[in-house]
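So the sequences go chain by chain: S and D. Under this note's numbering, the first residue of the first sequence carries the number 1, and numbering increases by one thereafter. Under this note's numbering, the first residue of the second sequence carries the number 1, and numbering increases by one thereafter. Backbone N, C-alpha and C define an ideal beta-carbon position, used for all residues, glycine too. Just so we're clear, the structure is a prediction, and the values are computed from it rather than from any experiment.
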Amino acid sequence: MSSLDASLAPPPLPAEAALGRWSSWSDRLNPILVREVQQAVKGRMFAAAILIALGVTVMIAVYIASNHDPNGNSGQGAFEAGLATLVPLALFVVPMQAYQSMRLELRSGIVEQLLLSRLRPVQILSGKLQAALVQFVLFVAVVAPTLATSYLLRGVDLPTIATSLALAGLACIAATMLAVSSAAQSRNAATQALANIGTAFGLGVGTFSVVGLVLSGEFTNGLAALLRSGEFWRVASGVVVVVGYGSLLAALSARAFLLHAFENKATPFRVALFAAPLLGCVWASLAFWRMGAAPVIAALCFGLLLLSLAFGLFFVTEQRELSPRVRAHVPATSLLALLTAPLLPGRDRGLLCFLLFVVINSVVAMLAVNAIGAGAWGGSWNSFRDIYCFTAGYGCIYLGIGRALRQRLPNTLGGNHAGRILLPMCVMAFMLVPVLIDVFVHGAPRQWHWGHVMNPFWTITHFERWTGSGAGPSPTGVPLVFLLMVVGMVLLQLPACLHGVREVLAASAARRQRQLPVVAPPSPSPSA
Amino acid sequence: MTTPLLEVQNLCRSYGKVQAVRDLSFTMHRGQITGFVGPNGAGKTTTMRIAATLDVPDSGDVTIDGVSVLVEPRAARALIGYMSDQFHPYPNLDVLEYLDFFARANGLLGEQRARTVRSVASFCGLLGFADRPATGLSKGMGQRLHLAKTLLHDPQLLILDEPASGLDPRARIEFRNLLKELAAAGKAILISSHILPELGEMCDSVVVVEKGRRIVSGSIADIEKTVQNDQVVVLRALGGTESLQRFLLTQPDVGQLVVDGDRVRFPFAADDEALADLLARAIGAGLRVVEFGRGAVDLEDIFLKTTKGNLQ
Ligand SMILES: Nc1ncnc2c1ncn2[C@@H]1O[C@H](COP(=O)(O)OP(=O)(O)OP(=O)(O)O)[C@@H](O)[C@H]1O
Ligand SMILES: [Mg+2]
């Protein structure tokens, strides 16, 4: 308001003085956090939750005091009651509050006002998360006396209390991120009802089961056993890595819904996919240092292959072309453009990205297996190799089909969603139709035959059973035919992948062209 | 001529089969207030949302001070203040807290934030309502708060979608004066409204759209001239309409006569020069003329003349 400042700067108001004290130290905080706290302080919901939690803790305290048995384990009972009070708050109340606040902003278009400000979607999400954490800390403070009492009654030791609180905090973060993410998805009207029911139901069921686990005493005993065993750090770090990665994906998908339509939403997901084997290797090497991490890495690679199929479904059903914004920002150097091409949005590049991931992941898996020495695995190594190769091959075939299918759908966002539903249906059809033909033509489903070659589950089991026993109809041709199918599909899709790369290179060339200084046309020399 | 602040180039946007915006182009300069008018469903909101980076076109582009909203949406957002046709404040926040939050969201810090919030609130006449809950404001005060929020980051271009709907006459006049002050401070304002006399009072140019297409655009004065040429002329003379009609039927450029009491109305398809001659001839013919002239042209006439009332 520079233009208005000079003429219209009235003296501070009384209401502003209160705001001023608060704002002087809140300057560096996330604006969303500041606002959520201001709203919570004035709202009734938060006060009610605190009062109820306080009431419950007081009741627990009174109950313990009146039933105290110096020789019994009332300490553990107090701990479990305190934890069971905290769990619904951390797993249901806090995430639901974040969900509701996100929903309100999306429904009434407030989020558009936020997006027009300088706040980035990531800041909006982290503000929500921070607000959730502040609430969590307050709720912990409310149940803290109960937990402290349980310690004083010698029911539980400090590590158990600390680990339980850390786990509750982690669960609270993950649940909040999931809730906020599912609220953000409901920007899309079609998924709104589903998101509402799914979130409330999921959080409710999760809360009930955890409360049940805590009250039955199994949680405390299990945790204590784990703490005593040497497995604790392995399990704890694994949980942290998985929950962290899951929360990251939830945050990325929420962010994608909040970004401008032409912004690059794909690259973070592709980087996250490529980072997963690296992260997995680092974690496995550290956690299984003494025991040899190779089998864990090999198993991880198979898990990541399955995960990449889910990623791939989204990659190959994106819009085809680069958006004007992404096109204007591709790397200017052609080498960098070439290297980053598989990471850039667009279904052609998406398929290329999936293929590259399969190659890299397979190399990591192979190195891990080599490190163990295939002999150490015995027959299970062959099995692992076969299942891995079949899964990767079916991934390539079906995602190739998915890309081609998407190509035939309208070039709209609706087309993307349709592609994401049609591809799994297409897999189902390839599995069901041969079975139905068998039933109607031959009266009953027969044994595996070539008609079932597109059925991943049956083909893999059939092949495994045969290599295991050497009996039954010989599928010796299966690996060969399957290999030909995979290679054929990859070759068929190659022009599209190349088109995707060429588009990036062209955009890069155009960018270099724009960056050239505009040279004035040479003036005709006097002699000419 | 300086470069335009807002340039809409061949914008197209369809929703399924409905083509909300078709090949729409127009420009706006600093200090200009442009009215954006058209029947319901003409594509005004759609165009404004695209310019405000909240929607994307199927083709075409919008640049703000040379920045494309499709290539640099974040940079463009810093230049625009968009006031949508709906306002939903946060619950459990008072007016000052609401403005303070958006000032933070716009990256204003410390003393500067406090000063900006104060001056914007005072400019929009909100100081008396500083500690009222933002959700409990009347429609008019809500619109002021919405405008104040829009002004916090000192945008160059204001895009206002029906900002005056639901305001009482006094609030409307005050709102109009606020906008005039902002334009005088060098901001460009694109404003859509169905209250045409209102727009005519403050706009210096207008873009009329119908079914997503531009029908006319330009300064109101220029458009008035073109519309005026086939504006109806009213003539009243003493001594009844009989002699009047007899005289007019012999005159060139005079269209179908309509008798309305003791007046005669007729479309006149020539310029003011010819109209003056017609009056001279009428007096020369002995008619005792007491009333003669074209009806005044306003935005409403422009709107009715240029649009066909086709809704989509
Ligand atoms: N999100 C949407 N989905 C489907 N159709 C839409 C959507 N938004 C706008 N339309 C259609 O596009 C056309 C233009 O709508 P728009 O809201 O831009 O008109 P408008 O000029 O602002 O009308 P009004 O004066 O009533 O506000 C309308 O036919 C409308 O039905
Ligand atoms: Mg509208």
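Within 10 Å of its beta-carbon, does residue i have 16 or more other beta-carbons around it, so buried, or fewer, so exposed?
| i | result |
| --- | --- |
| methionine 454 of chain S | buried |
| glycine 35 of chain D | buried |
| leucine 167 of chain S | buried |
| valine 8 of chain D | buried |
| asparagine 67 of chain S | exposed |
| glycine 293 of chain D | exposed |
| aspartate 348 of chain S | buried |
| glycine 472 of chain S | Only weak support exists for where glycine 472 of chain S lies, its pLDDT of 49 falling under 50; the value from the coordinates is given anyway. Glycine 472 of chain S is exposed by the Cβ-count criterion. |
| methionine 532 of chain S | For residue 532 of chain S there is no data in the structure shown, the boundaries of chain S being 1 and 528. |
| tyrosine 571 of chain S | Residue 571 of chain S lies beyond the residue range present for chain S, which begins at 1 and ends at 528; the question has no answer from this structure. |
| tyrosine 90 of chain D | buried |
| leucine 258 of chain S | buried |
| methionine 59 of chain S | exposed |
| arginine 103 of chain S | buried |
| threonine 150 of chain D | buried |
| serine 525 of chain S | Unreliable positioning characterises serine 525 of chain S in this predicted model, as indicated by a pLDDT of 49, which lies under 50. The coordinate reading is nonetheless provided below. It counts as exposed. |
| alanine 76 of chain D | buried |
| threonine 57 of chain S | buried |
| glutamate 291 of chain D | exposed |
| threonine 63 of chain D | buried |
| leucine 5 of chain D | buried |
| isoleucine 50 of chain D | buried |
| isoleucine 197 of chain S | exposed |
| leucine 51 of chain S | exposed |
Against residue i, what residues of chain S qualify as contacts under a CB-to-CB distance less than 8 Å, listed in chain order?
| i | result |
| --- | --- |
| alanine 73 of chain D | For the record, residue 73 of chain D in the displayed sequence is proline; it is not alanine. By Cβ distance, chain S contributes His260, Phe262, Glu263, Arg325. |
| alanine 52 of chain D | Leu116 |
| leucine 109 of chain D | Asp27 |
| tyrosine 15 of chain D | What tyrosine 15 of chain D touches in chain S: nothing, since even the nearest Cβ is about 10 Å away. |
| glutamate 162 of chain D | Simply none; closest approach about 14 Å. |
Strictly below 7 Å CB to CB, what residues from chain D border residue i?
| i | result |
| --- | --- |
| leucine 119 of chain S | Ala105 |
| proline 31 of chain S | Phe101, Arg104, Ala105 |
For residue i, go through chain S and note every residue whose CB falls closer than 7 Å to its CB, in chain order.
| i | result |
| --- | --- |
| histidine 88 of chain D | Ser108, Gly109, Ile110 |
| arginine 77 of chain D | Leu116 |
What I want to know is whether the C-beta of residue i ends up closer than 8 Å to one or more non-hydrogen atoms of ligand 2.
| i | result |
| --- | --- |
| serine 192 of chain D | yes |
| aspartate 161 of chain D | yes |
| aspartate 348 of chain S | no |
| aspartate 55 of chain D | no |
| aspartate 168 of chain D | no |
| aspartate 85 of chain D | yes |
Is the closest heavy atom of ligand 1 to the C-beta of residue i under 8 Å?
| i | result |
| --- | --- |
| valine 435 of chain S | no |
| leucine 82 of chain D | What sits at residue 82 of chain D in the sequence shown is tyrosine, not leucine. For ligand 1, not one heavy atom lies less than 8 Å from the Cβ of tyrosine 82 of chain D. |
| threonine 45 of chain D | yes |
| alanine 341 of chain S | no |
| valine 207 of chain D | no |
For the alpha helix (DSSP H) that residue i lies in, which residues bound it at each end?
| i | result |
| --- | --- |
| asparagine 221 of chain S | 218-228 |
| proline 277 of chain S | 266-287 |
| asparagine 177 of chain D | 169-184 |
| cysteine 203 of chain D | No alpha helix (DSSP H) holds cysteine 203 of chain D; DSSP gives it neither H nor E. |
| aspartate 301 of chain D | 299-306 |
| valine 612 of chain S | Outside the modelled stretch of chain S, which goes from 1 to 528, sits residue 612 of chain S, for which no answer is possible. |
Could you give the residue range of the beta strand (DSSP E) that holds residue i?
| i | result |
| --- | --- |
| threonine 27 of chain D | 18-28 |
| valine 234 of chain D | 232-238 |
| valine 69 of chain D | Run containing valine 69 of chain D: none; DSSP gives neither H nor E here. |
| aspartate 260 of chain D | 258-260 |
| aspartate 61 of chain D | 59-64 |
| leucine 6 of chain D | 6-15 |
| methionine 454 of chain S | Per DSSP, methionine 454 of chain S belongs to no beta strand (DSSP E) and is neither H nor E. |
Determine the chain S residues that contact residue i at a beta-carbon separation under 9 Å, and present them in chain order.
| i | result |
| --- | --- |
| leucine 93 of chain D | Arg35, Gln38, Gln39, Lys42 |
| serine 84 of chain D | Gly109, Glu112, Gln113 |
Taking only beta-carbon positions, decide if residue i is within less than 9 Å of chain C.
| i | result |
| --- | --- |
| alanine 293 of chain S | Looking for chain C here will not work: the only protein chains present are S and D. |
Consider the C-beta atom of residue i and the heavy atoms of ligand 4; say whether any pair is separated by less than 8 Å.
| i | result |
| --- | --- |
| aspartate 131 of chain D | Judged by which ligands are present, ligand 4 is missing from the structure shown, whose ligands are ligand 1 and ligand 2. |
For residue i, return the contacting residues in chain D, with the cut-off set at a CB-CB distance below 9 Å.
| i | result |
| --- | --- |
| alanine 532 of chain S | Past the edges of chain S, shown from 1 to 528, lies residue 532 of chain S, and the structure says nothing about it. |
| alanine 507 of chain S | Near alanine 507 of chain S there are no residues of chain D at all, since even the closest Cβ is about 12 Å away, more than 9 Å. |
Kindly list, in the order they appear in chain D, the residues whose Cβ is closer than 8 Å to that of residue i.
| i | result |
| --- | --- |
| alanine 418 of chain S | In chain order: nothing, as chain D lies at least about 14 Å away. |
* To do: Would you list, in sequence order, the uninterrupted alpha helix (DSSP H) runs of no fewer than 4 residues that lie entirely inside the stretch 87-150 of chain D?
  => Entirely contained in the stretch 87-150 of chain D, the alpha helix (DSSP H) runs reaching 4 residues are, in chain order, 95-105, 110-123.
* Could you name each continuous beta strand (DSSP E) segment of 3 residues or more that falls completely within the stretch 348-401 of chain S, going from the start of the chain to the end? => DSSP runs (the beta strand (DSSP E)) wholly in the stretch 348-401 of chain S: none.
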